[in-house]
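Structure first, commentary second.
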Amino acid sequence: SQQGEEDPQALSIQEGENATMNCSYKTSINNLQWYRQNSGRGLVHLILIRSNEREKHSGRLRVTLDTSKKSSSLLITASRAADTASYFCATDAYLSTGGTSYGKLTFGQGTILTVHP
Amino acid sequence: EAGVAQSPRYKIIEKRQSVAFWCNPISGHATLYWYQQILGQGPKLLIQFQNNGVVDDSQLPKDRFSAERLKGVDSTLKIQPAKLEDSAVYLCASSFARATGELFFGEGSRLTVL
Numbered sequence: 337s338q339q340g341e342e343d344p345q346a347l348s349i350q351e352g353e354n355a356t357m358n359c360s361y362k363t364s365i366n367n368l369q370w371y372r373q374n375s376g377r378g379l380v381h382l383i384l385i386r387s388n389e390r391e392k393h394s395g396r397l398r399v400t401l402d403t404s405k406k407s408s409s410l411l412i413t414a415s416r417a418a419d420t421a422s423y424f425c426a427t428d429a430y431l432s433t434g435g436t437s438y439g440k441l442t443f444g445q446g447t448i449l450t451v452h453p
Numbered sequence: 444e445a446g447v448a449q450s451p452r453y454k455i456i457e458k459r460q461s462v463a464f465w466c467n468p469i470s471g472h473a474t475l476y477w478y479q480q481i482l483g484q485g486p487k488l489l490i491q492f493q494n495n496g497v498v499d500d501s502q503l504p505k506d507r508f509s510a511e512r513l514k515g516v517d518s519t520l521k522i523q524p525a526k527l528e529d530s531a532v533y534l535c536a537s538s539f540a541r542a543t544g545e546l547f548f549g550e551g552s553r554l555t556v557l
């Protein structure tokens, strides 16, 4: 089952503009991660924010997390044509089964970002 | 550092045939994952290994899918017999940490079932 739901499904902007993607989830999490996927390629990790953090920055990326609303947002500032890709949020929940504890990463449906030169 | 290796990159088969995908994770990564990504959707976890033991296979269609991890390193995902709805990209990923931390993905194996 998909834990996260992302909004919008598609986003089209001009180079230099900011892009904001939102993610909502349903259950308690340890952390939330954002990944990027270029067409026909594997996913690449962008940033991880822990459940006790509210905001995190990495270069042109800014991620916020509101655990009371079970939501997160990814902001890409000063976008470039090379940022064109699909972006996925993934929630990391700690589960236990048969005496074994493990982290399970569940992905949302993704946002397709197109940045026009 | 070498990344996650997967093969084959592309495979086309007829329905009811079988197919196998191979994955070699990053050296030292104890956790290995197989995800299925249908076109236009996010990846869905099929199976998660911790060393060579399975910790989660709740979404693996066990009547047709099987997976093993040899000696806690390489892994093989098999589909037999394949159905049309199995057309997807099969992504292998690995991670160092068991509980949290980033996943490192391979390029994926794209399966088309005709």
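Going down the list, the sequences are from chains A and B.
For the first sequence, my numbering begins at 337 and goes up steadily by one.
For the second sequence, my numbering begins at 444 and goes up steadily by one.
C-beta atoms are modelled at their ideal positions from N, C-alpha and C, and glycine is treated no differently.
Between the segment 533-553 of chain B and the segment 379-394 of chain A there are three or more inter-stretch CB-CB distances shorter than 8 Å, so the stretches are counted as touching.
Between residue 414 of chain A and residue 340 of chain A, the C-beta spacing is not below 8 Å. Closer than 8 Å to the CB of residue 500 of chain B there is not a single CB belonging to chain A. A distance of 8 Å or more separates the beta carbons of residue 400 of chain A and residue 422 of chain A.
Given a length threshold of 3 residues, each whole run of the beta strand (DSSP E) inside the segment 456-520 of chain B is given here in chain order: 462-467, 474-480, 487-493, 496-499 and 508-512.
Residue 391 of chain A carries a strand assignment under DSSP once its states are collapsed to helix, strand and coil. Secondary structure at residue 557 of chain B: coil, using DSSP grouped into helix, strand and coil. The C-alpha of residue 484 of chain B is placed about 12 Å away from the C-alpha of residue 346 of chain A.
As computed with DSSP, residue 365 of chain A is found in no beta bridge at all.
Setting aside the 5 residues that flank it on each side, residue 416 of chain A is surrounded in the same chain by 351 and 451, each with a C-beta closer than 8 Å to its C-beta; the list follows chain order. The segment 502-519 of chain B makes contact with the segment 455-471 of chain B; the number of CB pairs closer than 8 Å reaches 3 or more. At a cut-off of 8 Å between beta carbons, residue 445 of chain A contacts chain B. In terms of Cα proximity to residue 365 of chain A, the closest of A/436, A/426, A/396 and A/453 is A/426. The DSSP-derived three-state label of residue 445 of chain B is coil.
Per DSSP, residue 340 of chain A lies in no beta strand (DSSP E) segment and is marked neither H nor E. Residues are counted here when their Cβ sits less than 7 Å from a Cβ of chain B; for the segment 359-370 of chain A these are 366, 367 and 369, given in chain order. Of the residues B/480, B/446, B/555 and B/495, the one whose Cα lies closest to the Cα of residue 502 of chain B is B/480.
As DSSP reads the structure, residue 374 of chain A sits in no beta bridge. Residue 350 of chain A has A/452 as its beta-bridge partners, per DSSP. Under a criterion of Cβ atoms nearer than 7 Å, no residue of chain A is adjacent to residue 554 of chain B; the nearest Cβ is some 14 Å distant. For residue 551 of chain B and residue 529 of chain B, the gap between their C-alpha atoms comes out near 14 Å. For residue 549 of chain B, the closest Cβ of chain A is nearer than 8 Å.
The C-alpha of residue 343 of chain A lies about 17 Å from the C-alpha of residue 397 of chain A.
DSSP, reduced to helix, strand and coil, places residue 355 of chain A within a strand of the structure shown.
Between residue 435 of chain A and residue 500 of chain B, the alpha-carbon positions lie close to 15 Å from each other.
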